[in-house]
Amino acid sequence: MATIFTKIIKGDIPSYKIYEDSQFYAFLDISPLTKGHTLLIPKEEVDYIFDVGDTTLSEMILVAKKIAHAIEKAIDCNRVGLMVIGLEVPHAHIHLIPIHNEGDMDLSNDRVELSKDQFERIAKDINSYL
Numbered sequence: 272m273a274t275i276f277t278k279i280i281k282g283d284i285p286s287y288k289i290y291e292d293s294q295f296y297a298f299l300d301i302s303p304l305t306k307g308h309t310l311l312i313p314k315e316e317v318d319y320i321f322d323v324g325d326t327t328l329s330e331m332i333l334v335a336k337k338i339a340h341a342i343e344k345a346i347d348c349n350r351v352g353l354m355v356i357g358l359e360v361p362h363a364h365i366h367l368i369p370i371h372n373e374g375d376m377d378l379s380n381d382r383v384e385l386s387k388d389q390f391e392r393i394a395k396d397i398n399s400y401l
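In structure tokens form, the structure reads like this:
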């Protein structure tokens with residue numbers, strides 16, 4: 272059965288796309304820790320990040336780097352934090368989170384609520400730097 276992320280890649284579930292190529296798809300988290308919180312996923316459905324093939328995992332980090340630099344230009348932040356947890360959805364993914372301090376990455380923090388227009392603007396702003 273396809274994961275929610277595979278359904279997003281296929282367009283069965285809408286998303287605020289940040290990036291797409293033949294191997295990867297990135298989109299805004301709809302329950303973000305901070306404005307601009309982005310998820311990067313391989314198109315290949317692999318449950319655990321460390322089961323992703325070496326070449327794909329290496330390329331995924333390079334794509335994450337490219338997206339992080341675009342986020343830094345589009346969103347007011349000190350850095351973009353990277354988090355891999357992998358328990359929420361059985362599809363490998365990387366969280367790219369704009370942060371001002373380490374506490375911004377605390378998963379127990381309240382989530383930022385954004386309107387559809389705000390999500391669209393954020394995605395457009397980040398895309399403009401890719």
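Note that this note's numbering has the sequence shown beginning at 272, numbered continuously upward. Ideal Cβ positions, reconstructed from N, Cα and C, are used throughout, including at glycine.
For residue 351, does the three-state DSSP call read helix, strand or coil?
-> Counted from its first residue, the sequence shown places residue 351 at position 80. The answer is strand: DSSP assigns residue 351 an E or B state.
DSSP beta-bridge partners for residue 385?
-> Position 114 of the sequence shown, counted from the start, is the residue given in the question as residue 385. Residue 385 is not bridged to any residue.
Below 6 Å CB to CB, which residues in the same chain sit around residue 317 once its five sequence neighbours on both sides are set aside?
-> Along the sequence shown, read from residue 1 onward, the residue named residue 317 stands at position 46. Taken in chain order, the residues that qualify are 323, 363.
Boundaries (first-last residue) of the alpha helix (DSSP H) holding residue 298 = For the purposes of this step, residue 298 is taken as the residue at position 27 of the sequence shown. Not the alpha helix (DSSP H): residue 298 falls in the beta strand (DSSP E), residues 295-299.
What is the DSSP secondary structure of residue 278, reduced to helix, strand or coil?
-> Counting from 1 along the sequence shown, the entry for residue 278 is found at position 7. DSSP places residue 278 in helix when its eight states are reduced to three.
Just the Cα atoms here: how many angstroms apart are residue 281 and residue 292?
-> The residue labelled residue 281 in the question sits at position 10 within the sequence shown. The residue labelled residue 292 in the question sits at position 21 within the sequence shown. Straight-line Cα distance between these residues: approximately 13 Å.
What is the DSSP secondary structure of residue 346, counted as helix, strand or coil?
-> Translated into positions along the sequence shown, residue 346 becomes position 75. Look at residue 346 here: in three-state DSSP terms it is coil, with no helix or strand label.
State yes or no: is the C-beta of residue 305 within less than 9 Å of the C-beta of residue 369?
-> Translated into positions along the sequence shown, residue 305 becomes position 34. Translated into positions along the sequence shown, residue 369 becomes position 98. Cβ atoms of residue 305 and residue 369: closer than 9 Å.
Determine the DSSP secondary structure at residue 328, reduced to helix, strand or coil.
-> Along the sequence shown, read from residue 1 onward, the residue named residue 328 stands at position 57. The DSSP-derived three-state label of residue 328 is helix.
Taking all protein chains shown into account, decide if residue 285 is buried (16 or more other Cβ within 10 angstroms of its Cβ) or exposed.
-> Looking up residue 285 in the sequence shown gives position 14. With fewer than 16 Cβ atoms within 10 Å of its Cβ, residue 285 is classed as exposed.
With 16 as the cutoff for other CB atoms within 10 Å, does residue 331 come out buried or exposed?
-> By one-based count along the sequence shown, residue 331 stands at place 60. So residue 331 ends up on the buried side.
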